[in-house]
Amino acid sequence: MNALALLVPLALGLGLAALAFFGWTLRNGQYEDPDGAAARILFDDNQETPRCPPPDSR
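Residue numbers (this note's numbering): 416 to 473.
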């Protein structure tokens, strides 16, 4: 019975912390465009990568 007196408030506290964290992520826009971010990785950027100049042939 003593274990329940510790575990029940601990479980409720963790649940409330998870709910608060979920609310924080909603307010900060973490879930606004999940499909766009997944598709954006598939497309190339229009920028070219800088190339190294050829070594001097001396």
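All residues carry an ideal CB built from backbone N, CA and C; glycine is no exception.
Computed from a predicted structure; not experimentally measured.
Asked	Found
Would you give the residue range spanned by the alpha helix (DSSP H) that Asp450 belongs to?	449 to 455
May I have the straight-line CA-CA distance separating Pro468 from Arg455, to the nearest angstrom?	31 angstroms
Taking 6 angstroms as the limit between beta carbons, can you name the residues of its chain near Pro449, skipping five residues before and five after?	none
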